[in-house]
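To keep things clear, I will list the structure first and then write my remarks on it.
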Amino acid sequence: MFPYYLDRAWRSLRRDVGLTLLMVVAIGVGVGASMTTLTVLHVLSADPIPEASHQLYAVQLDPRPALGMDPGEEPSDQLTRTDAEALVRAARGKRQAMMSGGSAAIEPQTAGLAPFRVDARWTSADFFPMFRVPFVAGGPWSAADDAANARVVVITRALAEKLFGQIDVVGRSIRVETGDLRIVGVLDSWSVNPHFYDLHQGTYGQSEQLFAPFSTSRELKFGVDGSLDCWENADDPHGLGAPCVWVQFWVELEDAAAADAYRDFLVGYSDDQRKAGRYQRPPNVRLRDVPDWLDVQKVVPSDARLQTWVALGFLFVCLINTVGLLLTKFLRHGAEIGVRRAVGASKRSIFAQLLVEAGLVGVAGGALGLGLAYLGLWAVRQQPTDYAELAHLDLPMLFATIALAVVSSLCAGLLPAWRGCQLTPAIQLKSH
Amino acid sequence: MDFLPILSTLRRHRTAATLVVLEIALTCAIVSNAVFLIRERLARMDTPSGVVEEELVRVRLIGIGQTADAAALTAQDLVALRAIPGVKSVASTNQVPFGNSGWNSSVSSIPDDVSGSTTASLYMGTQDLLETWGVRLIAGRDFTPEEYVDADAKDAKVSSAIVTRALAERLFPGQSPLGRTLYLGSDPETIVGVIDELARPNDRNGPESAAYSMVLPLSISYTTGGTYLIRVEPGRGGEVLAAVDATLTKVAANRIFTHLESLTEVRDSYFRKDRSMAYLLIGVSLALLIITALGIVGLASFWVQQRTRQIGIRRALGASRGDILRYFLLENFILATMGIVVGMGLAYALNHWLMDAYAVPRLPATVLPIGAVALWLLGQLAVLAPALRAARISPAIATRSV
Amino acid sequence: MLTMKNVTKVFRTEMVETHALRELTLEVKSGEFVAVTGPSGSGKTTFLNIAGLLDDFTGGEYRLDGVEVRQLGDRARSKLRNEKIGFVFQSFNLIPDLNLFDNVDVPLRYRGFTRGERRQRIERALERVGLASRIRHFPAELSGGQQQRVAIARAIAGDPKLLLADEPTGNLDSQMAREVMQLLEELNAGGTVVVIVTHDPEIAARAQRNVHIVDGVASHLDRGPALVSPALRTA
Chain A
6 MFPYYLDRAW RSLRRDVGLT LLMVVAIGVG VGASMTTLTV LHVLSADPIP
56 EASHQLYAVQ LDPRPALGMD PGEEPSDQLT RTDAEALVRA ARGKRQAMMS
106 GGSAAIEPQT AGLAPFRVDA RWTSADFFPM FRVPFVAGGP WSAADDAANA
156 RVVVITRALA EKLFGQIDVV GRSIRVETGD LRIVGVLDSW SVNPHFYDLH
206 QGTYGQSEQL FAPFSTSREL KFGVDGSLDC WENADDPHGL GAPCVWVQFW
256 VELEDAAAAD AYRDFLVGYS DDQRKAGRYQ RPPNVRLRDV PDWLDVQKVV
306 PSDARLQTWV ALGFLFVCLI NTVGLLLTKF LRHGAEIGVR RAVGASKRSI
356 FAQLLVEAGL VGVAGGALGL GLAYLGLWAV RQQPTDYAEL AHLDLPMLFA
406 TIALAVVSSL CAGLLPAWRG CQLTPAIQLK SH
Chain B
94 MDFLPILSTL RRHRTAATLV VLEIALTCAI VSNAVFLIRE RLARMDTPSG
144 VVEEELVRVR LIGIGQTADA AALTAQDLVA LRAIPGVKSV ASTNQVPFGN
194 SGWNSSVSSI PDDVSGSTTA SLYMGTQDLL ETWGVRLIAG RDFTPEEYVD
244 ADAKDAKVSS AIVTRALAER LFPGQSPLGR TLYLGSDPET IVGVIDELAR
294 PNDRNGPESA AYSMVLPLSI SYTTGGTYLI RVEPGRGGEV LAAVDATLTK
344 VAANRIFTHL ESLTEVRDSY FRKDRSMAYL LIGVSLALLI ITALGIVGLA
394 SFWVQQRTRQ IGIRRALGAS RGDILRYFLL ENFILATMGI VVGMGLAYAL
444 NHWLMDAYAV PRLPATVLPI GAVALWLLGQ LAVLAPALRA ARISPAIATR
494 SV
Chain C
357 MLTMKNVTKV FRTEMVETHA LRELTLEVKS GEFVAVTGPS GSGKTTFLNI
407 AGLLDDFTGG EYRLDGVEVR QLGDRARSKL RNEKIGFVFQ SFNLIPDLNL
457 FDNVDVPLRY RGFTRGERRQ RIERALERVG LASRIRHFPA ELSGGQQQRV
507 AIARAIAGDP KLLLADEPTG NLDSQMAREV MQLLEELNAG GTVVVIVTHD
557 PEIAARAQRN VHIVDGVASH LDRGPALVSP ALRTA
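So the protein sequences, as listed, match chains A, B and C.
Reading the first sequence from the start, the letters are residues 6 to 437 in our numbering.
Reading the second sequence from the start, the letters are residues 94 to 495 in our numbering.
Reading the third sequence from the start, the letters are residues 357 to 591 in our numbering.
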């Protein structure tokens, strides 16, 4: 029966080309707009590290002075250098890393290449295994290198190619600011979006290109980028013991029990610090895994959500419009339905046929919507926002587009098809 | 023509009428909120910076390695830049309005105020900063050369400040701020001048404090401030920017220059999210209005077709073409009015939700009449073609036997 | 009351020209009850459309109650139609969306009567046709004969001078048909001119005078006081 319905639906739609086009365009535009914004939202709220997002935790402590305390308030989202170094030393997690954003000038030895700056990350050895960073050559530096302020560096594949024209550069040296650093590893292409481990450096977009031990970066006084918050005047805010928070700290914990244990450890640590006179406030710690962390930090721009709501509202109006037009269309051909009913079609089969017609409109609308979503995402990519490059339609979203169009047009078809199949044969035949 | 028979007809076509009303209502709700949001964004984009943006260009620079005497080098740089043809004035500074990243401090009218309730943006720079900005001093005076202190010096402290009118009003409401003391933590500064307007580099501290800025007479070197601000003769910005790199490299090598751009470009990129949001909302609103209009055309055409005979009868019974035209216009007017009434309720509900979820301000009452008139016009325009077609139906249809 | 002189009506399409009326000449005087008969396709309906100001004519002259209608615009025609003519159609032509009150009200609205006067007239007209008790019912709830009586009520509510009836009994059984004819005769007795278009000889026989149209020409008369058909006199 289905091919017959399809054939009837196709003929019926061709009979009112204007009305059909209007419905297809309405659904297509609504679906296109919705899928464009939903794709952006989907990309922005994607899990940056799905294989470990529930094992990685951001650590927060509260080293601020008692003055101005507001009970229950959120502690700062970064640590002091003192606390971060202490937590790395304590090594209570499976892995842990302290880090800060930075930038460094590189003086290439290659002739004809002017000095340039790259975004960098000053961190500790566990950073690489903890965040599942892939290497194409060499590997991470060791904890011993951290302790020894070793002159070592890890660079990205892109930077290696820029500096040396090749990726097999382990063992060679580059001049960073005033120091010569030996390359121990080259990263394969790696970027995490959102840039969850340090949200002060822009949430989306490209990651840093150069990684060096935190200790080395302090010794050589490399530049630090990011947010710095001090509660007292400090001559060297980045120095050890300075009353300033500017270091991110992440820990990897196997399971919930380990997380609970670590949280207890943090409370104990805070308490010890207070007893020692370093902290003034009662323990106020947070330990959040990646999804929680992204949620609390409100990573997805509210504009992106707002745009999605606007687009969905638009789609809804388009659907109401389609309901009206389908109703119009089905009732306009009431006589035909009457004849069909008179010669023995059941309500059910009339209903099915009308729904097939609505579904056909949905498929056409979906195709149009897909085209418009591609166009919309292309337009998003032309915007100079940090997440522009990420706006691509992946396979699930592609199927979601078609499904959205067909399901919504079937929903739009329900009421009109029901009304259509309620037409009694007698009335339709009598008045025509 | 009267109301009641039309209402009675609409009651008999309840589903279709409800759909039209619903569509108009939703369009009304979405479009009035969108129009309001668009107005908000456009108003934000119009925020004055207080400086002569069209005459200003900036360059950010970073040195490689340690620099021996940054202050002296900065002075040489400024002299060299001033010598570029087309340059009127130059200053070394730490930030520019709408430049996104900037220095902030909590300020108070009392010392050691820990409430931190007011934060202001800290602008600092070399002597010609105010002249380079082209800001308007509305009270008091500019800094004297003696007041300037080298920012890189250990324990650099200044004792005077110039504040914006908004900040002065915030700290000393209803009083003359001149000669009063404000505190950055425990450091006192005497207010010597008030400027009309000077926008902060960003409004992350909230829109109400977006105009809280102050200037300190701290002569800042490029290694600390990182920005040279150049005022050029009108229209010569591009030419000057093209010469900056070579000029500064001649003074000293081993420096990297970035962000060579005019302040109008800085403003553009600062507000680009607002702009793209406004464009998106404008696009969606127009598309909604078009879709709604087409929906009305479709349904009205159907009704005209369905009622062809009825229209013929009315014509036979003495209705003129004008009567038929008016009938359909009035019918649409009634539907649109119902839609607008429901839609305004929805608009406020939607606005309420947006206020909760996205910190959008309350919908002003002025949106109501604008939205209503727009939708009435839209409805009347949309129904005009089907209504004209209806008016052309011949009364002779009444005698055609079926 | 109604005077047509050499009225012609030509339908033109790209291919053919059809002469629906050829020089029709006809006069109906005050107080008359005239039946217009003819085989189907003879031009009866065209005559009715022109007489009722529902359609334009191609040539000739037509005066309705002393007014030359040829030059009138849509507005004036609609007004004339509304004030002077009541219609009774074969298929009743009630508006299904409106109840009896509102159906009878339709021409009165266009007439511009006050609210009170309209109500009075509607009630009187429905009373006259014996349906006052069904005033809030919808047409679909009535029998064919009742619907036609509503149509007559609608036709007479504005006190027209001329009642044009198009096969008023065509869709009715004989009992109902008799009732309707009786109603029309009573109205005629009250001074309303009645012109009835029919192909039923029994109905035609009840009229004072018959005009027979064949191929667009009024060609025959058989009875009634005005024994000489104007159409024959010119022919």
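For each residue, glycine too, the CB sits at the ideal point set by N, CA and C.
All of these numbers come straight from a predicted model, not from anything done at the bench.
_I'd like to check one pair, residue 414 of chain A with residue 111 of chain A: are the Cβ atoms closer than 9 Å?_
Taking the first residue of the first sequence as position 1, residue 111 of chain A is located at position 106. Taking the first residue of the first sequence as position 1, residue 414 of chain A is located at position 409. In this structure, residue 414 of chain A does not lie closer than 9 Å to residue 111 of chain A by Cβ.
*Just the Cα atoms here: how many angstroms apart are residue 323 of chain B and residue 311 of chain B?*
Counting from 1 along the second sequence, the entry for residue 323 of chain B is found at position 230. Counting from 1 along the second sequence, the entry for residue 311 of chain B is found at position 218. If I take the Cα positions, the gap works out to 18 Å.
*Tell me whether the beta-carbon of residue 134 of chain B lies closer than 9 Å to the beta-carbon of residue 371 of chain B.*
The residue labelled residue 134 of chain B in the question sits at position 41 within the second sequence. The residue labelled residue 371 of chain B in the question sits at position 278 within the second sequence. Yes; because the gap between Cβ atoms is below 9 Å, this pair is in contact.
*From this set, A:280, A:105, A:428, which residue's C-alpha is nearest residue 205 of chain A's C-alpha?*
Numbered from its first residue, the first sequence carries residue 205 of chain A at position 200. Proximity to residue 205 of chain A across A:280, A:105, A:428 peaks at A:105, based on C-alpha coordinates.
*My guess is that residue 436 of chain C and residue 423 of chain C are in contact by the Cβ rule of under 8 Å, so how many angstroms apart are they, rounded?*
Here residue 436 of chain C refers to the residue found at position 80 of the third sequence. Here residue 423 of chain C refers to the residue found at position 67 of the third sequence. That belief holds up - the Cβ atoms of residue 436 of chain C and residue 423 of chain C are roughly 6 Å apart, short of 8 Å.
*Could you tell me whether the Cβ atoms of residue 307 of chain B and residue 356 of chain B are closer together than 9 Å?*
Start at 1 with the first residue of the second sequence, and residue 307 of chain B comes out as number 214. Start at 1 with the first residue of the second sequence, and residue 356 of chain B comes out as number 263. No; because the gap between Cβ atoms is not below 9 Å, this pair is not in contact.
*What in chain B is Cβ-close to residue 559 of chain C, meaning under 8 Å?*
Reading the third sequence from its first residue, position 203 is the one you call residue 559 of chain C. Simply none; closest approach about 16 Å.
*Taking only beta-carbon positions, decide if residue 325 of chain A is within less than 9 Å of chain B.*
Position 320 of the first sequence, counting from 1, holds the residue named residue 325 of chain A. By this cut-off, residue 325 of chain A is an interface position.
*Output, in chain order, the set of chain B residues within a Cβ distance shorter than 9 Å of residue 390 of chain A.*
One-based indexing of the first sequence puts residue 390 of chain A at position 385. In chain order: 365, 366, 369.
*Run through the stretch 396 to 469 of chain C for me and flag every whole beta strand (DSSP E) of 3 or more residues, listed as ranges in chain order.*
Secondary structure within the stretch 396 to 469 of chain C: the beta strand (DSSP E) runs of 3 or more consecutive residues, fully enclosed, are 415 to 420, 441 to 444 (chain order).
*Cβ atoms of residue 517 of chain C and residue 548 of chain C: under 9 Å apart, would you say?*
Taking the third sequence and counting its residues from 1, the one referred to as residue 548 of chain C is at position 192. Taking the third sequence and counting its residues from 1, the one referred to as residue 517 of chain C is at position 161. A distance below 9 Å separates the beta carbons of residue 548 of chain C and residue 517 of chain C.
*Can you list, in chain order, the residues of its chain whose CB lies under 6 Å from that of residue 359 of chain C, leaving out five sequence neighbours each side?*
Locating residue 359 of chain C in the third sequence gives position 3, counting from the first residue. These residues qualify, in order along the chain: 383, 419.
*According to DSSP, is residue 421 of chain A helix, strand or coil?*
Residue numbering aside, residue 421 of chain A sits at position 416 when the first sequence is read from its first letter. Residue state, collapsed to three classes: helix.
*asked:* Any C-beta of chain C within less than 9 Å: which residues of the stretch 390 to 416 of chain B qualify?
replied: Residues passing the 9 Å Cβ filter: 400, 402, 403, 405, 406, 407, 408, 409, 410, 411, 412, 413, 414, 415, 416.
*For residue 153 of chain B, name the three-state secondary structure that DSSP assigns.*
As a first step, residue 153 of chain B is located in the second sequence; it is residue number 60 there, counting from the start. Residue 153 of chain B: strand per DSSP, three-state reduction.
*asked:* Could you pull the DSSP bridge partners for residue 114 of chain B from this structure?
replied: The sequence position of residue 114 of chain B within the second sequence is 21, counting from 1. Bridge partners of residue 114 of chain B: none, in fact.
*Do three or more CB pairs link the stretch 146 to 166 of chain B to the stretch 340 to 356 of chain B at distances below 8 Å?*
Output reads yes: the stretch 340 to 356 of chain B touches the stretch 146 to 166 of chain B.
*Assigned exposure category for residue 386 of chain C - 16 Cβ within 10 Å defines buried*: Position 30 of the third sequence, counting from 1, holds the residue named residue 386 of chain C. In this structure residue 386 of chain C is exposed. Its beta-carbon is surrounded by fewer than 16 other beta-carbon atoms within 10 angstroms.
*In terms of alpha-carbon separation, which member of C:530, C:441, C:376 lies closest to residue 415 of chain C?*
For this step, residue 415 of chain C is matched to residue 59 along the third sequence. Taking only the C-alpha atoms, the option nearest residue 415 of chain C is C:376.
*Given residue 233 of chain B, which residues of its chain have a CB within under 8 Å of its CB, disregarding the five upstream and five downstream residues?*
To locate residue 233 of chain B, count along the second sequence from 1; it is residue 140. Here the set comprises 255, 271, 284, 285, 286, 287.
*Under a three-way DSSP split, which group does residue 100 of chain A fall into?*
Taking the first residue of the first sequence as position 1, residue 100 of chain A is located at position 95. If DSSP states are grouped into helix, strand and coil, residue 100 of chain A belongs with the strands.
*Would you decide whether residue 396 of chain B is buried or exposed? Buried here means 16 or more other CB atoms lie within 10 Å of its CB.*
Position 303 of the second sequence, counted from the first residue, corresponds to residue 396 of chain B. It counts as buried.
_I'd like the list of long-range same chain contacts for residue 305 of chain A, defined as Cβ closer than 6 Å, with 5 residues on each side in sequence excluded._
One-based indexing of the first sequence puts residue 305 of chain A at position 300. Cβ neighbours of residue 305 of chain A within its own chain (closer than 6 Å, five residues either side excluded): 49, 50.
_Just to confirm before moving on: does the CB-CB distance between residue 363 of chain A and residue 37 of chain A stay below 9 Å?_
The residue you call residue 363 of chain A lines up with position 358 of the first sequence. The residue you call residue 37 of chain A lines up with position 32 of the first sequence. No. Outside cutoff.
*What does residue 119 of chain B touch in chain A if you count any residue whose Cβ is under 9 Å from its own?*
Residue 119 of chain B sits at position 26 when you count from the first residue of the second sequence. The answer, in chain order, is 318, 321, 322, 325.
*Is it right to say residue 150 of chain A is buried, meaning 16 or more other beta carbons lie within 10 angstroms of its own, or is it exposed?*
Taking the first residue of the first sequence as position 1, residue 150 of chain A is located at position 145. The residue in question, residue 150 of chain A, is buried, as its Cβ has 16 or more Cβ neighbours within 10 Å.
_Is the separation between the beta-carbon of residue 175 of chain A and that of residue 382 of chain A shorter than 9 Å?_
Position 170 of the first sequence, counting from 1, holds the residue named residue 175 of chain A. Position 377 of the first sequence, counting from 1, holds the residue named residue 382 of chain A. No. Outside cutoff.
_residue 285 of chain B, DSSP secondary structure in three states_ = The residue labelled residue 285 of chain B in the question sits at position 192 within the second sequence. DSSP places residue 285 of chain B in strand when its eight states are reduced to three.
_Residues near residue 181 of chain B in its chain [Cβ-Cβ closer than 7 Å; skip 5 each side]_ = Along the second sequence, one-based indexing puts residue 181 of chain B at 88. Closer than 7 Å at Cβ, skipping near neighbours: 324, 325, 326.
*So which residues of chain C does residue 105 of chain B contact, with C-beta pairs closer than 7 Å?*
Counted from its first residue, the second sequence places residue 105 of chain B at position 12. In chain order: 453.
*Verify whether the separation of the beta carbon atoms of residue 79 of chain A and residue 301 of chain A is less than 9 Å.*
Stepping through the first sequence from its first residue, residue 79 of chain A is reached at position 74. Stepping through the first sequence from its first residue, residue 301 of chain A is reached at position 296. Yes, they are a contact pair.
*Using 8 Å as the Cβ pair cut-off and three pairs as the minimum, do the stretch 220 to 234 of chain B and the stretch 288 to 307 of chain B touch?*
Segment contact: the stretch 220 to 234 of chain B against the stretch 288 to 307 of chain B, three or more CB-CB distances shorter than 8 Å; contact assigned.
*asked:* Cutting at 8 Å between CB atoms, please list the residues of its own chain near residue 95 of chain A, excluding the five before and the five after it.
replied: Within the first sequence, the letter at position 90 stands for residue 95 of chain A. So the list reads 270, 274, once near-sequence residues are dropped.
_CB of residue 425 of chain A within 9 Å of CB of residue 329 of chain A, strictly_ = Working through the first sequence from its first residue, we reach residue 425 of chain A at position 420. Working through the first sequence from its first residue, we reach residue 329 of chain A at position 324. Not a contact, by the Cβ cut-off of 9 Å.
*Going by C-alpha distance, which of B:369, B:295, B:460, B:189 is nearest residue 126 of chain B?*
Here residue 126 of chain B corresponds to residue number 33 of the second sequence, with the count starting at 1. That would be B:460, whose Cα lies nearest to the Cα of residue 126 of chain B.
*Looking at C-beta atoms only, is the number of pairs between the stretch 532 to 547 of chain C and the stretch 501 to 515 of chain C that lie closer than 8 Å three or more?*
With the cut-off at 8 Å, the stretch 532 to 547 of chain C and the stretch 501 to 515 of chain C touch.
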